[in-house]
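Under my numbering, the first residue of the sequence shown is numbered 34, with each subsequent residue one higher.
Cβ coordinates follow ideal geometry from the N, Cα and C atoms, glycine included.
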Amino acid sequence: MNSAFAPAFAGFGTGLSLIVAIGAQNAFVLRQGIRRDAVLAVVGICALSDAVLIALGVGGVGAVVVAWPAALTVVGWIGGVFLLGYGALAARRVVRPAGTALEVEGGAAGSRRRAVLTCLALTWLNPHVYLDTVFLVGSVAADHGPSRWTFGVGAALASLCWFAALGFGARLLGRFLARPAAWRVLDALVATTMIVLGVTLIAGA
Numbered sequence: 034m035n036s037a038f039a040p041a042f043a044g045f046g047t048g049l050s051l052i053v054a055i056g057a058q059n060a061f062v063l064r065q066g067i068r069r070d071a072v073l074a075v076v077g078i079c080a081l082s083d084a085v086l087i088a089l090g091v092g093g094v095g096a097v098v099v100a101w102p103a104a105l106t107v108v109g110w111i112g113g114v115f116l117l118g119y120g121a122l123a124a125r126r127v128v129r130p131a132g133t134a135l136e137v138e139g140g141a142a143g144s145r146r147r148a149v150l151t152c153l154a155l156t157w158l159n160p161h162v163y164l165d166t167v168f169l170v171g172s173v174a175a176d177h178g179p180s181r182w183t184f185g186v187g188a189a190l191a192s193l194c195w196f197a198a199l200g201f202g203a204r205l206l207g208r209f210l211a212r213p214a215a216w217r218v219l220d221a222l223v224a225t226t227m228i229v230l231g232v233t234l235i236a237g238a
């Protein structure tokens, strides 16, 4: 693998592991895709919002590290602990699944305005979105130093690919993601990625 692209691939993997989880936003995008209702607008809002928040995280955390190099140690420990916690929760879902999957059934297609407003609310009013994109992605990106923006581009691309697949591939993904077993597999991958990243951050702090 070309070392110049390594941060981008790392960012892609990190971004994907953070957004591939059962949640209201993913359920909404999948539901809209199944209905074929304002899919392009919804996918665009989710991907663009993540890109903006990731940029804020990479730029904000990175600027703090540049101004105060010792902050990298603090950010590394805090980010590592958060990632280990996320990984532990995902691992727990693998061992003790709730037995549920994404609920994608719903009523008839609504207005584009309603879909857009709902999508904006689920994205910008969700505290976990800020934790995932601004803090966690920002803290992992800071560990890549000058290549942190390449890392951020990879994370933003992961978001775009995921939401596009979820929205436009909903007819195919709907059946797969409706199975609890599918989310156990995804959670296992997420847990592994999170724990490895968390240990790496703490070790490098």
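The shortest CA-to-CA distance from Ala191 to any of Val127, Arg208, Ile52, Pro40 is the one to Ile52. Look at Asp165 here: in three-state DSSP terms it is helix. Between the alpha carbons of Leu169 and Gly93 lies a distance of about 12 Å. DSSP assignment within the segment 50–121 yields the following whole alpha helix (DSSP H) runs of 4 residues or more, N-terminal first: 57–68, 72–100. Pairing Phe184 with Ala198 gives a Cβ-Cβ distance that is not under 8 Å. With at least 16 other beta carbons inside 10 angstroms of its own, Thr47 counts as buried. One alpha carbon belongs to Leu49, the other to Leu150, and they sit about 24 Å apart. Following the DSSP letters along the chain, one finds Arg145 inside the alpha helix (DSSP H) bounded by residues 145–157.
At a Cβ-Cβ threshold of 8 Å, Ala123 and Ala57 do not count as neighbours. The beta-carbon separation of Ser172 and Leu234, rounded to 7 Å, stays under the 8 Å limit for a contact.
The closest CA to that of Leu73, considering only Val114, Ile111, Arg145, is found on Arg145.
Beta-carbon to beta-carbon, Leu86 and Val186 are separated by about 14 Å, too far to satisfy the 8 Å threshold. Between Ala148 and Val62, the alpha-carbon positions lie close to 10 Å from each other. Under the DSSP assignment, Pro213 falls in the alpha helix (DSSP H) whose first and last residues are 213–237.
In this structure, the beta-carbon distance from Gly44 to Gly237 does not fall below 8 Å. For Gly185, the uninterrupted alpha helix (DSSP H) run begins and ends at 181–201, by DSSP.
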